[in-house]
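What follows is one structure encoded as structure tokens, with my remarks underneath.
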Amino acid sequence: MKLALKLLAATVVALILGAGSALLLVRSGGLGGDVAVGPWRTSTIIGSAEADPYTRAMVAVAGLLALNRSETIYFTAARDGTGERLRTNCTYKVAGTDPPARWWSITLYASDHYLMPNPEDRYSYGGNTVAREDDGSFVIAVGPEKADGNWIPTGDGQTDDTFTLTLRLYNPEEAAARDPSGVVLPQIAKEACPS
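The opening position of the sequence shown corresponds to residue 1117 in this note's numbering, with each subsequent residue numbered one higher.
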């Protein structure tokens, strides 16, 4: 009987440790195939046949309804151009030109991986909805303070939470799909932050 109890205890401990470490790995997003372009990150194995079970679980947790890699490349930024975490009480400027894809979008997500509620009901801009500068480039303000032009709110500015921006490239050009590290992506610059 003692042996059976020891085996049961060892099995329970192993299951808890295994499940806990798997959950930690999936939630951290630190999986293989990572590519960095400035503050933007993507994985060359997400949405591909090479995706391992941990990658598939990570997509299920953080990338609801993700499309196949041949259709879409997902870049996520959790930090600005200087490497600091994106914070809801700070103001940022996302500036760039159209990435090499048939269509693109930039969407703001709260730390729980869901859209961040805001009174404007504005969460995203895309290639056909963003207002353009005279040269065809775009600037999107991201922060708690209402801004003229393109603006994605991050809440009331009273909380200091983190968020991410996801840039989707739909039907990317072949060179971008083959080597996402060579894609020119929008810059993310912090404009103001309470001290």
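Where is the CB? At the ideal position from N, CA and C, for every residue including glycine.
Nearest-angstrom Cα separation, counted from residue j out to residue i
i: VAL1300; j: ASP1272; result: 32 Å
i: VAL1153; j: PRO1296; result: 8 Å
i: THR1204; j: PHE1191; result: 20 Å
i: PRO1169; j: GLY1298; result: 28 Å
i: ARG1238; j: LEU1224; result: 9 Å
i: ILE1222; j: SER1253; result: 14 Å
i: ASP1250; j: ASP1264; result: 16 Å
Distance CB(residue i)-CB(residue j) smaller than 9 Å
i: SER1240; j: ILE1268; result: yes
i: GLY1212; j: PRO1155; result: no
i: ALA1194; j: GLU1289; result: no
i: GLU1307; j: ALA1257; result: yes
i: ARG1201; j: THR1278; result: yes
Classification of residue i by the beta-carbon crowding that lies within 10 angstroms, buried from 16 upward
i: MET1232; result: buried
i: THR1280; result: buried
Selection from the options that minimises the alpha carbon distance to residue i
i: ASP1196; options: GLY1243, HIS1229 and GLY1259; result: GLY1259
i: CYS1206; options: VAL1246, ASP1264, THR1275 and THR1245; result: THR1275
i: ASP1214; options: ALA1308, LEU1283 and LYS1262; result: LEU1283
i: GLU1236; options: PHE1254, ASN1266 and SER1221; result: ASN1266
i: ALA1313; options: GLU1187, ASP1250 and PRO1169; result: Residue 1313 lies beyond the residue range present for the chain, which begins at 1117 and ends at 1311; the question has no answer from this structure.
i: PRO1302; options: GLU1261, ASP1264 and VAL1210; result: VAL1210
i: ASN1234; options: ARG1294, GLU1261 and VAL1255; result: GLU1261
i: ILE1189; options: VAL1255, ARG1294 and THR1245; result: ARG1294
i: VAL1255; options: MET1117, ILE1304 and TYR1230; result: ILE1304
Residues near residue i by beta carbon distance below 7 Å, same chain, minus five either side
i: ASP1150; result: ARG1157 and SER1159
i: TRP1220; result: ASP1214, GLY1242, GLY1243, LEU1283, ARG1284, LEU1285 and TYR1286
i: THR1245; result: none
Proximal residues to residue i (C-beta, below 8 Å), its chain only, five neighbours per side dropped
i: CYS1309; result: ARG1203, ASN1205, CYS1206 and THR1207
Closer than 9 Å to chain C by CB, residue i
i: GLU1200; result: No chain C is present in this structure, which holds just one protein chain.
Cut-off 6 Å between Cβ atoms - residues of its own chain near residue i, not counting five sequence neighbours on either side
i: LYS1118; result: none
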